[in-house]
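The block underneath contains the structure these notes are about, expressed in structure tokens.
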Amino acid sequence: MAKQEKAMPRHVAIIMDGNGRWAAKRMLPRKMGHKAGAEALERIIEAARQLGLEHLTVYAFSTENWKRSVEEVGAIMDLLRLYLKNYLQKFAKDNVRMHVIGDISRLDADIQEQIRNIEEMSKGKDGMTVHIALNYGGRDELRRGVTALARQVQDGVLEPEEITEDIISQSLDTAGVPDPELMIRTSGEERISNFLLWQLAYSEFYFTDKLWPDFTEEDLKDAIDQYCGRERRFGGR
Ligand code: FPP
């Protein structure tokens, strides 16, 4: 009897890991790995859109990433500037909405402004939404959510007993977004590293040894097929 297949996921989350190792293998500076990673992201966004995903969340910069060298952080921020600028040209036209999760108040003022502009102008899009995690940490997101709820209790607009799981979900950066059914991490690491701690409670995980810049559209399809319980017969097996 055929195995029960699951429906396409609505939301896929990705930890894009391995840019540094990709560069090291080629004796290139780390920033070249991030550049290749940004190109891979562009390809994967397009593939996800064509597959009909509703939400794609990618971990671009964690609250821990500030510990990297000033040069590397600067290179990632410059890539981000370029990325946001390109969005205006490409994804906007493709009806892709962009939304940032994380505490952007620590980012440079020009990047914050770029993010606000893009979120504003992409609000009307009803295609796929790409959520970019920037200065994001799952614990920090929960801390900010808890603070906001505590303030509502203090102001007398919320009773402590009224705090349901749903209210907590709605206090997070992903309010209104369905939890990811599938989380992908590249580069052979098998940890969640403070990514979407609350939202990944029931997600399936897909780990691959591929380094992020080498991750292809086929790999995304493979991850989704595995999630759905579909058999893929590469090489006629
Ligand atoms: C992990 O690789 C990747 C990052 C910390 C940054 C992710 C950034 C991108 C994919 C490109 C930039 C995209 C945007 C939108 C800014 P790593 O450096 O931890 O790799 P390693 O573990 O091999 O050192």
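Counting from 196, one number per residue, gives the positions in the sequence shown under the working numbering.
All C-beta atoms in this analysis are idealised placements derived from N, C-alpha and C, irrespective of residue type, glycine included.
Quantities reported herein were computed from a predicted structural model and do not represent experimental measurements.
**Prompt:** Considering Tyr-397, what are the terminal residues of the alpha helix (DSSP H) in which it resides?
**Reply:** Reading the sequence shown from its first residue, position 202 is the one you call residue 397. Careful: Tyr-397 lies outside any alpha helix (DSSP H) and carries neither H nor E.
**Prompt:** Which residues in the same chain as Arg-205 place their Cβ atom closer than 6 Å to its Cβ, once the five residues preceding and following it in sequence are excluded?
**Reply:** In the sequence shown, counting from the first residue as 1, residue 205 sits at position 10. Closer than 6 Å at Cβ, skipping near neighbours: Glu-249, Pro-373.
**Asked** Given a threshold of 16 other Cβ atoms within 10 Å of its Cβ, counted over all protein chains shown, does Glu-376 qualify as buried or as exposed?
**Response** Numbered from 1 along the sequence shown, position 181 holds the residue referred to as residue 376. Its Cβ being crowded by 16 or more others within 10 Å, Glu-376 is buried.
**Message:** Give me the residue from Lys-405, Pro-408, Gln-421 with the minimum Cα distance to Glu-399.
**Reply:** Along the sequence shown, one-based indexing puts residue 399 at 204. Closest by C-alpha distance to Glu-399, out of Lys-405, Pro-408, Gln-421, is Gln-421.
**Request:** In the DSSP assignment, find the beta strand (DSSP E) that holds Arg-380 and state where it starts and stops.
**Result:** By one-based count along the sequence shown, residue 380 stands at place 185. Looking at the DSSP string, the run of the beta strand (DSSP E) that includes Arg-380 is 377-380.
**Prompt:** Are the C-beta atoms of Gly-383 and some chain B residue less than 8 Å apart?
**Reply:** In summary, chain B is missing from the structure at hand, where a single protein chain is found.
**Request:** Please confirm if the region 319-328 is in contact with the region 354-361, defined as three or more CB-CB distances below 8 Å between the two stretches.
**Result:** The region 319-328 is not in contact with the region 354-361.
**Message:** Buried or exposed for Gly-340, going by 16 or more other Cβ atoms inside 10 Å?
**Reply:** In the sequence shown, the residue the question calls residue 340 occupies position 145. Residue burial annotation: Gly-340 is buried, with at least 16 other C-beta atoms found within 10 angstroms of its C-beta.
**Item:** Residue from Trp-393, Val-253, Glu-315, Gly-297 with nearest C-alpha to Ala-287
**Value:** Residue numbering aside, residue 287 sits at position 92 when the sequence shown is read from its first letter. Closest in alpha carbon position to Ala-287, among Trp-393, Val-253, Glu-315, Gly-297, is Glu-315.
**Request:** Select from Ala-242, Arg-225, Arg-221 the residue whose C-alpha is nearest the C-alpha of Val-207.
**Result:** Mapped onto the sequence shown, residue 207 falls at position 12. Ranking Ala-242, Arg-225, Arg-221 by Cα distance to Val-207 puts Ala-242 first.
**Message:** Let's see if you can read the secondary structure: which residues bound the beta strand (DSSP E) around Arg-205?
**Reply:** To locate residue 205, count along the sequence shown from 1; it is residue 10. No residue range can be given for Arg-205, since it is assigned to no beta strand (DSSP E) and is classified by DSSP as neither H nor E.
**Prompt:** Exposed or buried, which one is Arg-311 when buried takes at least 16 other CB atoms within 10 Å?
**Reply:** The residue you call residue 311 lines up with position 116 of the sequence shown. The residue in question, Arg-311, is exposed, as its Cβ has fewer than 16 Cβ neighbours within 10 Å.
**Asked** The alpha helix (DSSP H) with Glu-342 in it runs from where to where?
**Response** Against the sequence shown, residue 342 aligns to sequence position 147. Here residue 342 turns out to be Thr, not Glu, going by the sequence shown. Element bounds for Thr-342: 333-349.
**Request:** For the region 273-309, list the beta strand (DSSP E) runs that are entirely contained and at least 3 residues long, ordered along the chain.
**Result:** Every beta strand (DSSP E) of 3 residues or more that sits fully in the region 273-309 is shown, in chain order, as 292-296.
**Prompt:** Roughly how many angstroms lie between the CA atoms of Asn-302 and Asn-330, to the nearest whole one?
**Reply:** To locate residue 302, count along the sequence shown from 1; it is residue 107. To locate residue 330, count along the sequence shown from 1; it is residue 135. A quick correction: the sequence has Leu, not Asn, at residue 302. In this structure, the alpha-carbon of Leu-302 lies about 8 Å from that of Asn-330.
**Message:** Using DSSP's beta-bridge definition, name the partner residues of Val-325.
**Reply:** The count along the sequence shown starts at 1 and reaches residue 325 at position 130. Partner(s): Leu-251, Met-293.
**Asked** Closest to Asn-214 by CA distance: which of Ile-240, Glu-234, Ile-313, Ser-364 is it?
**Response** Taking the sequence shown and counting its residues from 1, one reaches residue 214 at position 19. Closest option to Asn-214, Cα to Cα, is Glu-234.
**CA-to-CA distance, Leu-406 to Lys-226, given in whole angstroms** = Residue 226 sits at position 31 when you count from the first residue of the sequence shown. Residue 406 sits at position 211 when you count from the first residue of the sequence shown. Cα-Cα distance, rounded: 15 Å.
**Prompt:** Would you call the region 386-399 and the region 246-266 in contact, with 3 or more CB pairs under 8 Å?
**Reply:** Segments in contact, yes.
**Item:** Three-way DSSP call (helix, strand, coil) for Asn-389 in this model
**Value:** Taking the first residue of the sequence shown as position 1, residue 389 is located at position 194. If DSSP states are grouped into helix, strand and coil, Asn-389 belongs with coil.
**Asked** Buried or exposed: where does Ala-418 fall if 16 or more other Cβ atoms within 10 Å of its Cβ makes it buried?
**Response** Counted from its first residue, the sequence shown places residue 418 at position 223. By the neighbour-count definition (other C-beta atoms within 10 Å, threshold 16), Ala-418 is a buried residue.
**Message:** Distance check for Ile-387 and Asp-335, CA to CA, integer angstroms please.
**Reply:** Walking along the sequence shown from the start, residue 335 turns up at place 140. Walking along the sequence shown from the start, residue 387 turns up at place 192. Spanning the two alpha carbons is a distance of roughly 15 Å.
**Prompt:** What residue does the alpha helix (DSSP H) around Gln-421 start on, and which one ends it?
**Reply:** As a first step, residue 421 is located in the sequence shown; it is residue number 226 there, counting from the start. For Gln-421, the enclosing alpha helix (DSSP H) stretches over residues 412-423.
**Classification of Gln-349 by the beta-carbon crowding that lies within 10 angstroms, buried from 16 upward** = As a working note, residue 349 is residue 154 in the sequence shown. Per the 10 Å Cβ criterion, exposed.
**Asked** Could you check where the alpha helix (DSSP H) with Met-227 kicks off and where it finishes?
**Response** Counting from one through the sequence shown, the residue named residue 227 turns up at place 32. Unbroken alpha helix (DSSP H) run through Met-227: 225-246.
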